[in-house]
């Protein structure tokens, strides 16, 4: 009898740990009304990972380790960082500034990619752990593109050819 109760307790502890909220710092402009629209349009699962609760407003997380999204982050200014354009399923083009960054997200230091929208205010940040990145971390951006596209674009990435 004790082993059955012990097993049940262990199972509930493991399940509880899986369901714990993902700790995220709130973005500076998380209260922007358009962030609520972005969150409503996000998918329930991403890269085969189910959505998890988060600890801050205007954020979402999926899986373990978590893929995270925060709406309302500081928009990047003009930059020489890599900027890519990803076309969403509905045809909306979203520009993203890309950083391979160990200093962001709930699992800082574990190797991950950070993508921040360019030319949209407020900006959206997506942090993708290397476990989900595979050969192309940008493929996850396709699934959030339609939601992010509700924020109007006022600038776009330029290549060196565009400015010379």
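Residue numbers (mature numbering (1 follows the signal peptide of the UniProt record, and there is no 0)): -19 to -1, 1 to 145.
Glycine included, each C-beta is placed from N, C-alpha and C at the ideal position.
Complete beta strand (DSSP E) runs within the region 96 to 124 (minimum length 3 residues, chain order):
104 to 110
What is the residue span of the beta strand (DSSP E) that residue 80 lies within?
By 1-based counting over the chain shown, the position of residue 80 is 99. Here the beta strand (DSSP E) through residue 80 covers 74 to 81.
Can you tell me the Cα-Cα spacing of residue 17 and residue 8, whole angstroms?
As a first step, residue 17 must be located in the chain shown, where it is residue number 36. As a first step, residue 8 must be located in the chain shown, where it is residue number 27. Going from the Cα of residue 17 to the Cα of residue 8 covers about 13 Å.
Would you grab the beta carbon distance between residue 127 and residue 73 for me? Rounded to a whole angstrom, and I think it's under 8 Å.
Residue numbering aside, residue 127 sits at position 146 when the chain shown is read from its first letter. Residue numbering aside, residue 73 sits at position 92 when the chain shown is read from its first letter. Yes, they are in contact, since the Cβ atoms of residue 127 and residue 73 sit about 6 Å apart, within 8 Å.
Considering only the beta carbon of each residue, do residue 56 and residue 102 sit closer than 8 Å?
Residue numbering aside, residue 56 sits at position 75 when the chain shown is read from its first letter. Residue numbering aside, residue 102 sits at position 121 when the chain shown is read from its first letter. The answer is yes: Cβ separation under 8 Å.
For the beta strand (DSSP E) that contains residue 42, what are its first and last residues?
Position 61 of the chain shown, counting from 1, holds the residue named residue 42. Looking at the DSSP string, the run of the beta strand (DSSP E) that includes residue 42 is 40 to 43.
When the Cα atoms are used, what is the spatial distance from residue 45 to residue 133?
On the chain shown, residue 45 is found 64 positions in, with the first residue counted as 1. On the chain shown, residue 133 is found 152 positions in, with the first residue counted as 1. For residue 45 and residue 133, the distance between alpha carbons rounds to 31 Å.
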